[in-house]
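J.:
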Amino acid sequence: MENVIINVIKYILSAYPYKEELSASRLTKMLYLTDWKNAIEHDTQLSQTVWHFNHYGPYVDDFVDMARKDKDINVVNTKTMFGGNKQLFKLSDKNSGKIDLSDELKVIVDFVINATKDKNYDDFIKLVYSTYPVISSSKYSNLDLVSKAREYKSQLNAR
4 MENVIINVIK YILSAYPYKE ELSASRLTKM LYLTDWKNAI EHDTQLSQTV
54 WHFNHYGPYV DDFVDMARKD KDINVVNTKT MFGGNKQLFK LSDKNSGKID
104 LSDELKVIVD FVINATKDKN YDDFIKLVYS TYPVISSSKY SNLDLVSKAR
154 EYKSQLNAR
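In the working numbering, the protein residues as written are 4 to 162.
#1: Roughly how many angstroms separate the alpha carbons of lysine 93 and valine 79, rounded to a whole number?
#2: Could you pull out every residue in the same chain whose Cβ sits closer than 8 Å to the Cβ of lysine 40, ignoring the five residues on either side in sequence?
#3: Relative to the alpha-carbon of threonine 134, which residue among Lys32, Met84, Asp75 and Phe66 has its alpha-carbon at the smallest distance?
#4: With DSSP as the reference, label valine 62 as helix, strand or coil.
#5: How long is the line joining the alpha carbons of tyrosine 14 and tyrosine 35, rounded to whole angstroms?
#6: Buried or exposed: which applies to aspartate 38, given that a residue is buried once 16 or more other Cβ atoms fall within 10 Å of its Cβ?
#7: For alanine 70 and leucine 30, what's the separation of their Cα atoms in angstroms?
#8: Give the C-beta separation of asparagine 10 and leucine 104 to the nearest angstrom, bearing in mind that I take them to be a contact with Cβ-Cβ under 8 Å.
#9: Does DSSP classify lysine 142 as helix, strand or coil?
#10: Just the C-alpha distance for asparagine 145 and aspartate 65, rounded to the nearest angstrom, thanks.
#11: Between glutamine 48 and valine 149, which are expected to be in contact by the criterion C-beta below 8 Å, what is the C-beta distance as a whole number of angstroms?
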């Protein structure tokens, strides 16, 4: 499973048009959105991650740690426009170039990229916070994306 996730990360890093926006927060939340979309479409999460809804929204450190350890990904320390520290993730110049994703998974990741690429960070966060698992859960709880996807689809079908 880790291999699939690292390939999704590399795919996002290669396909996302605004590389300077790919901070740890945005990248992690894009993986959350990918997991959420996969749960809706295929009744399973892409990752086996237990997403936790903390004060930063859905977040886990696992993906950032995974990206840091990968030889094809560089972490660049930089500053936000407000002067805070920020880590950007980029494919290294020595990247092997091979990103192995199924066509089905590329469709899901492309959907997430297209839904988020033109959003500034505040609008991006609003999108993440508007997802059904977040609006229907208590802060500081774990988000079961598969059961939330089932609830969400049953509510849509009831309309």
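C-beta atoms are modelled at their ideal positions from N, C-alpha and C, and glycine is treated no differently. Only a predicted model underlies this, so the values are computations on that prediction, with no experimental measurement involved.
T.: This is what the structure gives:
#1: 8 Å
#2: Ile111, Phe114 and Val115
#3: Lys32
#4: At residue 62 the sequence reads tyrosine, which differs from the valine that was named. Here tyrosine 62 sits in strand by DSSP.
#5: 15 Å
#6: buried
#7: 10 Å
#8: 5 Å
#9: coil
#10: 15 Å
#11: 6 Å
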